[in-house]
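Visitor: Encoded as structure tokens, here's the structure I'll be asking about.
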Amino acid sequence: MPERPLILTGFMGSGKSSVGRVLAKRLSCPFIDLDSEVVASFGRSINEIFSQDGEQAFRGMETLCLEQVLQRGQSVIATGGGVVVAAGNRSLMRARGIVVNLVVSLPHVLQRLDGATDRPLFGGSDAANRVKSLMDDRKQFYADADIRIDTDGKSVEDVAAEILRYVKGLRA
17 MPERPLILTG
27 FMGSGKSSVG
37 RVLAKRLSCP
47 FIDLDSEVVA
57 SFGRSINEIF
67 SQDGEQAFRG
77 METLCLEQVL
87 QRGQSVIATG
97 GGVVVAAGNR
107 SLMRARGIVV
117 NLVVSLPHVL
127 QRLDGATDRP
137 LFGGSDAANR
147 VKSLMDDRKQ
157 FYADADIRID
167 TDGKSVEDVA
177 AEILRYVKGL
187 RA
């Protein structure tokens with residue numbers, strides 16, 4: 017296990033939480049879901065925060081929680097899909113961890129999130145266009161990673177194994 021946390025970034029539906037759990041188990045270290053940390057720290061669901069306070073307030077809460085979890089040492093952290101939008105978050109993640117971007121195509125995102133009701137930025141009749149627009153907007157930020165893994169057509173286990181091969185190469 018690397019001394020720094022493994023930080024998984026990527027668009028919603030890219031597999032960050034699923035892959036993160038497998039990685040943490042294989043590396044015998046804690047798994048941290050940043051969205052769950054926000055919910056636990058602020059006592060409200062992400063949907064509630066978005067609807068009552070707006071996205072900007074949520075992003076501030078997310079940054080506070082990111083700063084806290086990065087101080088916990090060796091771990092696997094699954095971030096929220098938009099954490100990379102803030103330049104300060106990207107700098108913090110690169111300085112304190114190994115950033116792994118899970119790349120997913122638009123058709124796979126739409127397939128994986130079909131019927132999702134717990135995604136505040138994915139609702140409405142124009143969801144496909146909204147998702148495409150968000151993916152395009154964030155693409156440059158996701159590219160700011162130590163490693164990029166294409167997840168399309170791969171199992172969670174295969175993606176985790178690919179990340180582990182990279183991590184082992186860092187120690188060699």
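Just remember that our numbering sits 16 ahead of the position in the sequence shown, which is counted from 1. Glycine residues also receive a C-beta, built at the ideal position from the N, C-alpha and C atoms. Model, not experiment: these values are computed from the prediction.
1) Would you please state the rounded distance, in angstroms, between the beta carbons of GLY113 and PRO46? I believe it to be under 8 Å.
2) Check whether the stretch 159-176 touches the stretch 106-123, taking contact to mean three or more Cβ pairs, one atom from each stretch, closer than 8 Å.
3) Can you give me the C-alpha to C-alpha distance between GLN87 and SER33, rounded to a whole angstrom?
4) MET151 to ASN117, Cα distance in whole Å?
5) Which residue's Cα is closest to the Cα of SER30: LYS170, GLN72 and ALA73?
6) Considering only their Cβ atoms, is the gap separating VAL119 from THR167 smaller than 8 Å?
Guide: In this structure, then:
1) The sequence position of residue 113 within the sequence shown is 97, counting from 1. The sequence position of residue 46 within the sequence shown is 30, counting from 1. No, GLY113 and PRO46 are not in contact; Cβ-Cβ is about 13 Å, not under 8 Å.
2) A contact is defined here as three or more CB-CB pairs under 8 Å, and the stretch 159-176 meets this definition with respect to the stretch 106-123.
3) Looking up residue 87 in the sequence shown gives position 71. Looking up residue 33 in the sequence shown gives position 17. For GLN87 and SER33, the distance between alpha carbons rounds to 20 Å.
4) The residue given as residue 151 occupies position 135 in the sequence shown. The residue given as residue 117 occupies position 101 in the sequence shown. Rounded to whole angstroms, MET151 to ASN117 spans 13 Å at the Cα level.
5) As a first step, residue 30 is located in the sequence shown; it is residue number 14 there, counting from the start. Nearest C-alpha to SER30: LYS170.
6) Here residue 167 corresponds to residue number 151 of the sequence shown, with the count starting at 1. Here residue 119 corresponds to residue number 103 of the sequence shown, with the count starting at 1. Yes, they are a contact pair.
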